[in-house]
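For reference, the structure is listed below as structure tokens.
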């Protein structure tokens, strides 16, 4: 097989729900990037090959490391150190990262543990809570480079589903944002999380009656969802320092909501964490 | 115009979110029925005409009464007596019912007030709470034939949206039902409604790991949504008698959940309430 430890180019493939991305690298230098916005929930080697082809890889097949929705290897139960998880060989040129799982409460992380490994590689000896917003948002308690436990929320996928539902679509389309409406909905949801469906009916009613702006409607949806999640994740962030790993969408509502609770939040560059994680994984493959 | 009070056939059209239905009647006798499962959120006269055409109406255009998503007339603010709302003439042969609205909390009911009018016509002097499950579920406090206030929840549309979201679709498709899982999720949601998104992430994780049956997944989704709604609607049902107007889907989870709280629940035949409401409205049109 091709040697991933050498100077030859290699590929990193990140299969996240709703977005697959790939990088062509030489050492740690990025030679090319590609992405696909339509990813099946269980992508196969054909999906990976289609994505890698977009990188314009050399004629000799490049060694490839895949993270995310591979389903190629049994996930590692927590507590576990993301920086020590061994990528599994799944083909002559290909390794896959197995993800993390937890038995109680039942939870599964596929891909985010790579970003945690990247963050910890760049921030040695960091203890605290890492929040990774996405279609599924994960909160991971990290101590001594180990994910001790994590809690997952389907908040991002809920927001996406509710935005496209016929009764709310007209009210929620657009890009405006009403910061005051977000703060108010957040506070309401943290104290009365059971009122989520009532808040959505209110959005529908007011939008139908023409008394609600698109910016307020979107802010109320995200305020309601984020507030409920923060109320449920309180044991994770209360009295902790929190690192947020994710692009501005979907991370920004979390940053605003946590700041509003007085929680010290570190924003990070998600792409940088992802690449640091892939480089970390590549070093482990080379060492085996 | 055609006389709706006479012996000639007339049409009743109910435009609900996701389902439009029509009846051809002579007096109170049903001559024909038709339905459409794809209804735009703001149906127009063309949609109504297409539905009415399915009834095989006589050559002379029949007088028609429309309820639901017409948007043809300003809704009536509560408190209001559904049995005294005057249908509005919107065409030479057509009347529309205007719906109910409430300023605080902002809420809008379009069509369900017709079923309430039908229920009250069939149950004179009934006081209590009427729950009408649907894409938007309404809880109406009824006293002296008047809707004093109501509270709406987008629970049905949420269930539909979440069932079709890619991350949950495989787990939730099917028709199985696990009653124990429903009861457990219901109790959890009533005490910890903020955990809805965590529960959905759990469904996704366990279904992906192959440790969750479809019946348990569906029961958990509906238990979580119904439990949160019951927690929020507690002032409506606590210590009250509740009449449920709706077909088995979506009414059954509500019936099970309310029975579990010890609330006396009356199930009703939604079609019968709808037709009683239309007949009631027709009598008011004739009297004008």
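Residue numbers (the numbering used here), protein chains in the order written: chain L, 1 to 288; chain D, 289 to 576. We put the beta carbon where it would ideally sit given N, CA and C, even for glycine. Note that the coordinates shown come from a computational prediction; the quantities given were computed from them, not determined experimentally.
Listed in chain order, the alpha helix (DSSP H) runs fully inside the stretch 329 to 394 of chain D are 333 to 341, counting runs of at least 4 residues. Against chain D, the CB of residue 113 of chain L has no partner CB under 7 Å away; the residue lies outside that interface. The three-state secondary structure of residue 316 of chain D, taken from DSSP, is coil. Residue state for residue 570 of chain D is assigned as helix, using DSSP reduced to three classes. With a threshold of 7 Å between beta carbons, residue 357 of chain D makes no contact with chain L. For the pair residue 324 of chain D and residue 339 of chain D, the CB atoms are nearer than the 7 Å cut-off. Residue 322 of chain D is bridged by DSSP to D/310. In chain order, 455, 489 and 492 make up the part of chain D whose C-beta sits under 8 Å from the C-beta of residue 136 of chain L.
Residue 204 of chain L counts as buried, since at least 16 other C-beta atoms from the protein chains shown sit within 10 angstroms of its C-beta. Residue burial is scored here from C-beta neighbours: residue 242 of chain L has at least 16 other C-beta atoms within 10 angstroms and is therefore classed as buried.
When the alpha-carbon of residue 258 of chain L is set against those of L/276, L/127, L/76 and L/233, the nearest one is in L/233.
Straight-line spacing of the CA atoms in residue 297 of chain D and residue 350 of chain D works out to 6 Å. Using beta-carbon distances, residue 154 of chain L counts as an interface residue toward chain D, with a partner under 7 Å. One Cα belongs to residue 514 of chain D, the other to residue 194 of chain L, and the distance between them is close to 10 Å.
Around residue 469 of chain D, the same chain offers 504, 507 and 508 as residues with beta carbons nearer than 6 Å, after the five sequence neighbours per side are excluded. Taking 7 Å as the threshold, the shortest C-beta distance from residue 28 of chain L to chain D does not fall below it.
Bridge partners of residue 149 of chain L according to DSSP: L/141. Close CB contacts of residue 510 of chain D within its chain, under the 6 Å cut and outside five residues either way in sequence, are with 541 (chain order). The beta strand (DSSP E) runs lying completely inside the stretch 488 to 575 of chain D and spanning 3 residues or more are 530 to 533 and 553 to 556, given in chain order. Classified as buried, residue 116 of chain L has 16 or more neighbouring CB atoms from the shown chains inside 10 Å of its CB.
Per the C-alpha coordinates, the member of L/85, L/121 and L/214 positioned closest to residue 175 of chain L is L/214. Here the stretch 83 to 94 of chain L makes contact with the stretch 108 to 128 of chain L; the two share three or more CB pairs at distances below 8 Å. At least one CB of chain D lies nearer than 7 Å to the CB of residue 106 of chain L. By the criterion of at least three beta-carbon pairs nearer than 8 Å, the stretch 141 to 155 of chain L is in contact with the stretch 94 to 113 of chain L. Residue 4 of chain L carries a coil assignment under DSSP once its states are collapsed to helix, strand and coil. Taking the Cα positions, residue 465 of chain D is about 13 Å away from residue 473 of chain D. At a cut-off of 7 Å between beta carbons, residue 194 of chain L contacts chain D. For residue 519 of chain D, the neighbours in chain L by C-beta distance under 8 Å run, in chain order, 194.
Per the C-alpha coordinates, the member of L/90, L/31 and L/171 positioned closest to residue 210 of chain L is L/171.
Within the same chain, and ignoring the five residues on either side of residue 568 of chain D in sequence, the residues whose Cβ sits closer than 7 Å to its Cβ are 371, 405, 406 and 409. Interface residue (Cβ-Cβ distance to chain D less than 7 Å): residue 264 of chain L is not classified as such.
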